[in-house]
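Enquirer:
In UniProt numbering, the protein residues as written are 1 to 259.
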């Protein structure tokens, strides 16, 4: 394995734009959820006339489905990702809208048959329900509670229980139902994640910025050196990613009105 300084310098210099983690190939691994989100999303997109993908990142997941519906929109808030998603998705017939990720969504009521989102940072349930047509579906894979917290707590120390429980799938169920959606599927899994060199850790923390807020190599250099020694000794650093799948349906008007 290369020396600490070389690995860290390389990981500091590489671009972290978009939501493509291919730079980690051979340097880190993460188990995938059994439900196969992109495949399942693609199946749903192929059956609808109008869809919205919220917080699309660089558009990589959406661009990977076999067929987009006739009307396909995506939102993204981070300017570098907006540019990347636009370049990737426009040739496929999807429009990318720069959105601040705050209510309201820049779309009319009942505009979409399907709303999707992979790993949203925030979820505005009332807005999702508003832009869905009656009978429409929200389909999302989300980060669950205490995800990769072995790594988070390595740098930040033990976290309070309320922080560890944040993003619990049952909280998502309650919020969806409060917005008027019927939750038809909710599944959660804990997945083994391994980092095989310190560069992979630096890259991950630079890209997933909410894990260790304000992370920089300069601030955490001593702790990174300790972790580098542990990885060399143990062969990897093991953490656990948590993911959940939620699917909610907006009731038909006939159901709402008792018809």
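Backbone N, C-alpha and C define an ideal beta-carbon position, used for all residues, glycine too.
(1) Hey, out of 33, 61, 140, 7, whose CA is closest to residue 202's CA?
(2) Between which two residues does the alpha helix (DSSP H) harbouring residue 215 extend?
(3) Work out the CA separation of residue 11 and residue 137 for me, nearest whole Å.
(4) Identify which residue in 95, 49, 64 has its Cα closest to the Cα of residue 73.
(5) Which same chain residues end up closer than 6 Å to residue 176 when comparing Cβ atoms and leaving out the 5 residues on each side of it in sequence?
(6) Using C-beta distances below 7 Å, list every residue in its chain close to residue 38, excluding the 5 sequence neighbours before and after it, in chain order.
(7) For residue 243 and residue 141, I'd like the C-alpha separation in whole angstroms.
(8) Quick check on the DSSP output: the beta strand (DSSP E) that includes residue 30 runs from which residue to which?
(9) With distances taken Cα to Cα, identify the nearest neighbour of residue 68 among 19, 49, 54.
(10) How many Å lie between residue 81 and residue 191 at the Cα?
(11) In or out: residue 19 buried (at least 16 other Cβ within 10 Å) or exposed?
(12) Check each candidate in 250, 245, 253 and name the one with the smallest Cα separation from residue 32.
(13) Going by beta carbon distance, what residues of the same chain come within less than 7 Å of residue 84, once the five residues before and after it are set aside?
(14) Quick one: residues in its chain with C-beta nearer than 6 Å to the C-beta of residue 90, no 5 flanking neighbours on either side, listed in chain order?
(15) In this structure, does DSSP put residue 113 in helix, strand or coil?
(16) Between which two residues does the alpha helix (DSSP H) holding residue 41 run?
(17) For a test of the three-state rule: what should DSSP assign to residue 74, helix, strand or coil?
(18) Would residue 106 and residue 97 be called neighbours here (beta carbons separated by less than 7 Å)?
(19) Tell me whether residue 55 is buried or exposed, calling it buried when 16 or more other Cβ atoms sit within 10 Å of its Cβ.
(20) Can you grab the Cα-Cα spacing for the pair residue 255 / residue 139, in whole Å?
(21) Name the DSSP beta bridge partners of residue 193, please?
(22) List the residues that DSSP assigns as beta-bridge partners of residue 272.
(23) Quick one: give me the first and last residue of the alpha helix (DSSP H) that residue 156 is part of.
(24) Assuming residue 150 and residue 212 form a contact by the criterion Cβ under 8 Å, report the distance between their Cβ atoms to the nearest whole angstrom.
(25) Have a look at residue 5 and residue 198 and give me their C-alpha separation to the nearest angstrom.
(26) Out of 223, 53, 99, 179, which has the shortest C-alpha to C-alpha gap to residue 127?
(27) Where does residue 6 sit, in a helix, a strand or coil, going by DSSP?
Expert: On the basis of the supplied data:
(1) 7
(2) Looking at the DSSP string, residue 215 is not in any alpha helix (DSSP H), and its letter there is neither H nor E.
(3) 39 Å
(4) 95
(5) 125, 183, 248
(6) 61, 64, 65
(7) 7 Å
(8) 28-30
(9) 49
(10) 27 Å
(11) buried
(12) 245
(13) 17, 18, 58, 59
(14) none
(15) strand
(16) 37-45
(17) strand
(18) yes
(19) buried
(20) With a pLDDT of 47 at residue 255, under the threshold of 50, the predicted position of this residue should be treated as unreliable, though the coordinate-derived value follows. Taking the straight line from one Cα to the other gives about 21 Å.
(21) 30, 239
(22) Outside the displayed span of the chain (1 to 259) sits residue 272, for which this structure offers no information.
(23) 149-156
(24) At roughly 12 Å, the Cβ-Cβ gap does not stay under 8 Å, so residue 150 and residue 212 are not in contact.
(25) 10 Å
(26) 179
(27) helix
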